[in-house]
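This report concerns only the one structure given below.
Number of protein chains: 2
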Amino acid sequence: MIDHTHDPRAQSWVEGAAGHADFPVQNLPLGVFSRGDGARRIATAIGDHVLDLAGLAEDGALPQGLSAALAQPTLNALFRLPEADRIALRHALFALLSSERCRLKVTPHLHASDAVTLHLSFAIGDYTDFYVGIHHATAIGKLFRPDNPLLPNYKHVPIGYHGRASSVRVSGTPVTRPWGQLKAPDAAAPEHAPCRRLDHELELGLWIAGDNDLGQPVPIADAWSRIGGLCLLNDWSARDIQAWEYQPLGPFLAKNFATTVSPWVITAQALAPFRLAPPQRPDGDPAPMPYLRESGDGALAITLETTLRTAAMREAGLPPHRLSHGNAREAMYWTAAQIVAHHASNGCDLHAGDLLGTGTLSGPTPESAGSLMELSQGGKAPITLPGGETRTFLADGDELALHARAEREGFASIGFGPCLGRIAPARPEWA
Amino acid sequence: MIDHTHDPRAQSWVEGAAGHADFPVQNLPLGVFSRGDGARRIATAIGDHVLDLAGLAEDGALPQGLSAALAQPTLNALFRLPEADRIALRHALFALLSSERCRLKVTPHLHASDAVTLHLSFAIGDYTDFYVGIHHATAIGKLFRPDNPLLPNYKHVPIGYHGRASSVRVSGTPVTRPWGQLKAPDAAAPEHAPCRRLDHELELGLWIAGDNDLGQPVPIADAWSRIGGLCLLNDWSARDIQAWEYQPLGPFLAKNFATTVSPWVITAQALAPFRLAPPQRPDGDPAPMPYLRESGDGALAITLETTLRTAAMREAGLPPHRLSHGNAREAMYWTAAQIVAHHASNGCDLHAGDLLGTGTLSGPTPESAGSLMELSQGGKAPITLPGGETRTFLADGDELALHARAEREGFASIGFGPCLGRIAPARPEWA
Numbered sequence: 004m005i006d007h008t009h010d011p012r013a014q015s016w017v018e019g020a021a022g023h024a025d026f027p028v029q030n031l032p033l034g035v036f037s038r039g040d041g042a043r044r045i046a047t048a049i050g051d052h053v054l055d056l057a058g059l060a061e062d063g064a065l066p067q068g069l070s071a072a073l074a075q076p077t078l079n080a081l082f083r084l085p086e087a088d089r090i091a092l093r094h095a096l097f098a099l100l101s102s103e104r105c106r107l108k109v110t111p112h113l114h115a116s117d118a119v120t121l122h123l124s125f126a127i128g129d130y131t132d133f134y135v136g137i138h139h140a141t142a143i144g145k146l147f148r149p150d151n152p153l154l155p156n157y158k159h160v161p162i163g164y165h166g167r168a169s170s171v172r173v174s175g176t177p178v179t180r181p182w183g184q185l186k187a188p189d190a191a192a193p194e195h196a197p198c199r200r201l202d203h204e205l206e207l208g209l210w211i212a213g214d215n216d217l218g219q220p221v222p223i224a225d226a227w228s229r230i231g232g233l234c235l236l237n238d239w240s241a242r243d244i245q246a247w248e249y250q251p252l253g254p255f256l257a258k259n260f261a262t263t264v265s266p267w268v269i270t271a272q273a274l275a276p277f278r279l280a281p282p283q284r285p286d287g288d289p290a291p292m293p294y295l296r297e298s299g300d301g302a303l304a305i306t307l308e309t310t311l312r313t314a315a316m317r318e319a320g321l322p323p324h325r326l327s328h329g330n331a332r333e334a335m336y337w338t339a340a341q342i343v344a345h346h347a348s349n350g351c352d353l354h355a356g357d358l359l360g361t362g363t364l365s366g367p368t369p370e371s372a373g374s375l376m377e378l379s380q381g382g383k384a385p386i387t388l389p390g391g392e393t394r395t396f397l398a399d400g401d402e403l404a405l406h407a408r409a410e411r412e413g414f415a416s417i418g419f420g421p422c423l424g425r426i427a428p429a430r431p432e433w434a
Numbered sequence: 004m005i006d007h008t009h010d011p012r013a014q015s016w017v018e019g020a021a022g023h024a025d026f027p028v029q030n031l032p033l034g035v036f037s038r039g040d041g042a043r044r045i046a047t048a049i050g051d052h053v054l055d056l057a058g059l060a061e062d063g064a065l066p067q068g069l070s071a072a073l074a075q076p077t078l079n080a081l082f083r084l085p086e087a088d089r090i091a092l093r094h095a096l097f098a099l100l101s102s103e104r105c106r107l108k109v110t111p112h113l114h115a116s117d118a119v120t121l122h123l124s125f126a127i128g129d130y131t132d133f134y135v136g137i138h139h140a141t142a143i144g145k146l147f148r149p150d151n152p153l154l155p156n157y158k159h160v161p162i163g164y165h166g167r168a169s170s171v172r173v174s175g176t177p178v179t180r181p182w183g184q185l186k187a188p189d190a191a192a193p194e195h196a197p198c199r200r201l202d203h204e205l206e207l208g209l210w211i212a213g214d215n216d217l218g219q220p221v222p223i224a225d226a227w228s229r230i231g232g233l234c235l236l237n238d239w240s241a242r243d244i245q246a247w248e249y250q251p252l253g254p255f256l257a258k259n260f261a262t263t264v265s266p267w268v269i270t271a272q273a274l275a276p277f278r279l280a281p282p283q284r285p286d287g288d289p290a291p292m293p294y295l296r297e298s299g300d301g302a303l304a305i306t307l308e309t310t311l312r313t314a315a316m317r318e319a320g321l322p323p324h325r326l327s328h329g330n331a332r333e334a335m336y337w338t339a340a341q342i343v344a345h346h347a348s349n350g351c352d353l354h355a356g357d358l359l360g361t362g363t364l365s366g367p368t369p370e371s372a373g374s375l376m377e378l379s380q381g382g383k384a385p386i387t388l389p390g391g392e393t394r395t396f397l398a399d400g401d402e403l404a405l406h407a408r409a410e411r412e413g414f415a416s417i418g419f420g421p422c423l424g425r426i427a428p429a430r431p432e433w434a
């Protein structure tokens with residue numbers, strides 16, 4: 004049963020919101036903004052505006068039980084509340100924004116999006132990155148092991164590892180090219196130098212809602228309800244640092260210099276109509292173990308796109324160039340719920356504001372690859388850009404953007420808003 | 004130059020503190036305690052007592068600039084202050100506790116240690132675990148690659164990886180045996196079952212002080228000043244889960260079900276006399292790269308011990324059995340400062356209250372091994388305990404304790420206090 008907040012005919016009275024590419028009234032994402040040097044406040048996005056929810060709550064226009072959580076500078080408290088509270092918030096916002104007679108009450112709290120600053124939406128407790136993009140894992144594996152690209156555990160275990168929470172930043176934050184230890188395969192010794200193989204990774208981020216105590220696994224049937232919402236996530240990767248450091252304990256400095264997320268949380272409630280049956284597993288693949296066996300529709304009908312715009316392209320007035328396009332449903336071997344259930348299956352405690360990355364979401368075709376490592380075949384096949392430049396990996400001044408959109412026949416499609424980062428040169432003084 | 008707080012002749016007037024094994028007046032560790040259901044408060048330990056520093060500060064008996072930080076329920080704010088503030092605190096505490104005429108002022112804030120509860124001393128931002136114990140890395144490597152135990156990067160890179168901050172607990176918290184995916188090397192398929200190869204890892208923990216912004220590396224000359232203090236850390240490890248899951252991104256559920264730390268922070272100031280020249284690197288080892296080249300005395304004269312007491316031993320009134328003994332100076336290929344400088348060398352931001360583990364600190368001899376994986380040679384050589392039981396890995400009811408002591412001729416030795424955990428059985432309902 005789909006509730007009326009998903010009715011594709013619904014429209015907001017806010018100018019420009021009806022048919023907005025990302026933020027029609029069916030989306031109602033949650034985020035944090037500020038004006039000038041003002042305090043950080045919780046908001047939703049509607050068309051080209053942000054709506055100050057703290058202000059609305061102060062006026063008594065939102066459910067009273069939410070006022071304390073909406074007065075915070077992050078979404079953590081709001082996502083610690085029961086899901087029913089966020090459902091109530093969605094219904095209240097939908098009513099305020101779709102019903103013309105609420106215009107007077109709401110308008111004082113609307114601000115043009117281009118006049119505000121968006122911030123990281125949570126104080127992140129822990130950040131974990133998964134590796135559920137099977138086409139990515141296969142493509143990367145092929146570069147190392149052409150005959151046996153996927154490791155034996157891949158189809159049994161949703162592979163994941165811990166990332167660095169402190170260096171997660173919101174879209175738009177410049178990404179400084181890191182220094183690190185690099186060693187070419189044929190070099191006698193490593194050197195300390197700026198990264199030469201700087202890459203992006205197209206991922207979805209899952210924001211955890213609620214809390215489970217240490218020692219209390221999350222049953223697979225409850226796992227989707229522990230996801231408060233989604234964002235885009237760019238797991239910037241220094242491939243040359245990674246190649247030299249990652250044995251035997253995994254990537255470390257190759258990743259933790261920066262991770263970028265999109266500012267808006269596309270809520271689990273907004274995504275409800277876009278959960279579909281996962282693709283059939285190939286014949287011969289093992290069935291998921293009982294603790295990972297999800298009944299129903301766990302896959303996400305989300306299309307994905309990556310664009311690149313270099314400094315020269317900006318100067319020449321050329322638009323961003325599409326590097327790849329694909330979709331999450333096809334890319335993910337394990338669903339969002341399976342990721343959560345696996346993470347907590349040993350009793351690990353997950354908390355509101357924890358961030359889980361899916362891993363790079365590449366599709367099965369070359370044009371749907373979610374990283375330059377794949378698109379340039381490990382740096383061997385340069386990509387030609389409009390204007391004639393070529394790239395194997397990212398150059399200084401390059402601006403990389405991730406885009407996502409939940410799309411399904413019969414529903415208003417909703418966008419995530421971009422996840423952007425521009426590469427700043429390595430600092431000479433780090434030597 | 005050694006300041007007077009390290010004078011070995013100094014004694015506290017607090018009963019039982021003079022010559023106390025762990026907490027003489029030369030130690031003055033920092034921690035967090037509560038009484039009954041009371042609030043968490045910052046304290047130091049002196050002999051068999053804890054001294055309530057929030058209470059002393061309320062009375063105006065401590066430097067005024069520290070009052071706000073000392074009124075917090077964690078040490079984070081205190082360790083965000085400049086090092087000079089923690090030095091001033093140490094000197095003030097030393098004066099109050101060594102000078103008989105302060106007895107009246109101090110006594111109301113003293114509580115018997117056995118009447119209080121100790122808590123996690125920080126709200127941990129990020130937790131990173133390193134792998135700088137070269138004898139451990141060699142011994143573990145030998146189990147997999149007898150001819151080539153150390154990977155080529157080991158002597159160039161202080162290997163580290165991210166851990167889980169949410170599941171770090173204070174000494175004494177029970178450790179529940181985790182469930183996980185296990186696969187014996189000769190099994191056709193993995194199974195989901197309680198861990199059968201549960202192990203400890205003896206580590207030191209480094210608590211970060213101060214903050215560096217993202218993009219601002221920490222020069223090696225400043226790196227020691229970013230360490231606020233040390234603790235003991237038990238990186239509990241499910242070896243069978245680890246063996247199946249860890250390729251290619253490193254250990255995950257094998258580790259994040261629990262990590263135990265000792266409650267007291269042995270401050271960098273208390274440890275100053277125990278920093279000595281590191282052992283000479285073997286002939287032929289590469290020199291550290293410039294960003295890792297530490298001048299002076301970066302090694303730690305800290306002796307380490309692991310003890311085990313089983314349920315049967317407790318029932319029979321047998322004392323804990325010493326499993327291993329060694330020292331940090333001999334075990335660590337990279338120093339604490341090198342760990343910090345490397346972590347931030349790509350611009351990664353470190354913050355007050357971050358926790359860095361050293362990795363397992365095994366010495367070069369069999370009796371100094373910091374894990375059962377090493378002591379039992381991968382489970383092939385059972386250890387016989389007093390009372391006749393044997394162990395390869397940990398059994399339910401086993402209590403594992405880590406101990407550490409900074410020791411140097413001419414100085415009062417100072418102890419860390421134990422880092423304890425008892426194994427609770429796997430929960431049947433997790434199946």
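Top line first, the protein sequences correspond to chains A and B.
Numbering of the first sequence is given in this note's numbering, commencing with residue 4 and proceeding in unit increments.
Numbering of the second sequence is given in this note's numbering, commencing with residue 4 and proceeding in unit increments.
Beta carbons are placed, not taken as given, at the ideal position from N, Cα and C, and that holds for glycine.
Practice task
Starting from the C-beta of residue 119(A), find all residues in its chain whose C-beta is less than 6 Å away, skip the five residues before and the five after it, and write them out in chain order.
Solution key: 36, 38 and 53
Exercise for the section: Please look up how many angstroms separate the CB atoms of residue 81(A) and residue 72(A), rounded, as I've assumed it's under 8 Å. Expected result: 4 Å
Problem - chain A contact residues for residue 352(B), given Cβ-Cβ distances below 7 Å - result: 169 and 170
Problem - Neighbourhood of residue 349(A) by C-beta, 7 Å cutoff - its chain only, sequence neighbours within 5 removed - result: none
Handout entry: Cα-Cα separation, residue 194(A) to residue 291(B)
Key = Taking C-alpha positions only, residue 194(A) is separated from residue 291(B) by approximately 11 Å.
Problem - chain B contact residues for residue 156(A), given Cβ-Cβ distances below 7 Å - result: 247, 248 and 250
Handout entry: Same chain, Cβ closer than 6 Å to residue 325(A), neighbours up to 5 away in sequence not counted
Key = 310
Handout entry: residue 99(B): first and last residue of the uninterrupted alpha helix (DSSP H) it sits in
Key = 86-101
Handout entry: Beta carbon proximity, residue 185(B) to chain A, threshold 7 Å
Key = no
Handout entry: Cβ contact (3+ pairs, closer than 8 Å) linking the region 375-389 of chain A and the region 218-236 of chain A
Key = no
Practice task
Kindly list the residues whose CB is nearer than 6 Å to the CB of residue 432(A), restricted to its own chain and excluding five residues on each side of it in sequence; keep chain order.
Solution key: Scanning its chain for C-beta atoms nearer than 6 Å, with the 5 sequence neighbours on each side dropped, one finds no residue around residue 432(A).
Handout entry: Per-residue DSSP class, three states only, for residue 83(B)
Key = helix
Exercise for the section: Within the same chain, show all residues whose beta-carbon is closer than 7 Å to that of residue 19(A), passing over the 5 residues directly before and after it, in chain order. Expected result: Around residue 19(A), the same chain offers 50 and 51 as residues with beta carbons nearer than 7 Å, after the five sequence neighbours per side are excluded.
Exercise for the section: Hey, could you find the ends of the beta strand (DSSP E) residue 308(B) is sitting in? Expected result: For residue 308(B), the enclosing beta strand (DSSP E) has its first and last residue at 305-312.
Exercise for the section: Identify which residue in 152(A), 192(A), 110(A) and 239(A) has its Cα closest to the Cα of residue 179(A). Expected result: 239(A)
Handout entry: Residues from the region 304-316 of chain A in contact with chain B, defined by Cβ distance under 8 Å
Key = none
Practice task
May I have the straight-line CA-CA distance separating residue 305(A) from residue 278(A), to the nearest angstrom?
Solution key: Going by C-alpha positions, residue 305(A) is about 9 Å away from residue 278(A).
Handout entry: Chain-ordered neighbours of residue 292(B) on chain A, where CB pairs are closer than 9 Å
Key = 184, 193, 194 and 195
Exercise for the section: Give the straight-line distance between the Cα atoms of residue 175(B) and residue 339(A), rounded to the nearest whole angstrom. Expected result: 35 Å
Problem - Cβ shell of residue 43(B) (< 8 Å), same chain only, five flanking positions each side left out - result: 35, 36, 37, 76, 77 and 122
Handout entry: Beta-carbon proximity check, residue 135(A) vs residue 152(A), cutoff 7 Å
Key = no
Exercise for the section: State whether the region 163-171 of chain A contacts the region 315-322 of chain B, with contact taken as three or more CB pairs (one from each stretch) at a distance under 8 Å. Expected result: These segments do not touch.
Handout entry: Distance between residue 354(A) and residue 264(B) (C-alpha atoms, nearest Å)
Key = 21 Å
Exercise for the section: Let me know if residue 426(A) comes out buried or exposed under the rule of 16 or more other beta-carbons within 10 Å of its beta-carbon. Expected result: That one is buried.
Practice task
Taking residue 418(B) as the reference, give the member of 367(B), 270(B) and 214(B) with the closest Cα.
Solution key: Residue 418(B) has its Cα closest to that of 270(B), out of 367(B), 270(B) and 214(B).
Problem - First and last residue of the uninterrupted beta strand (DSSP E) at residue 184(A) - result: 182-185
Exercise for the section: Quick one: give me the first and last residue of the beta strand (DSSP E) that residue 162(B) is part of. Expected result: Segment: none, residue 162(B) is in no beta strand (DSSP E) and carries neither H nor E.
Problem - Residues of its chain near residue 97(A), where Cβ-Cβ distance is below 7 Å and the 5 sequence neighbours each way are ignored - result: Spatial neighbours of residue 97(A) in its own chain (CB-CB distance under 7 Å, excluding positions within 5 residues in sequence) are listed in chain order as 8, 28 and 31.
Exercise for the section: Measure the C-alpha to C-alpha separation of residue 327(B) and residue 364(B) and round it to an integer number of angstroms. Expected result: 11 Å
Practice task
Could you tell me whether the Cβ atoms of residue 204(A) and residue 374(A) are closer together than 7 Å?
Solution key: yes
Practice task
Reducing DSSP to helix, strand and coil, say where residue 353(B) ends up.
Solution key: coil
Problem - DSSP three-state assignment for residue 23(B), whether helix, strand or coil - result: coil
Practice task
Establish whether the CB of residue 359(B) and some CB of chain A are separated by less than 7 Å.
Solution key: no
Handout entry: Cβ shell of residue 4(B) (< 8 Å), same chain only, five flanking positions each side left out
Key = With a pLDDT of only 47 at residue 4(B), under 50, the local geometry of the prediction cannot be trusted, and no value is derived from it.
Exercise for the section: Could you name the residues that DSSP lists as bridge partners for residue 268(A)? Expected result: 33(A)
Handout entry: Boundaries (first-last residue) of the beta strand (DSSP E) holding residue 3(B)
Key = In the structure as shown, chain B starts at 4 and stops at 434, and residue 3(B) therefore has no counterpart that could be examined.
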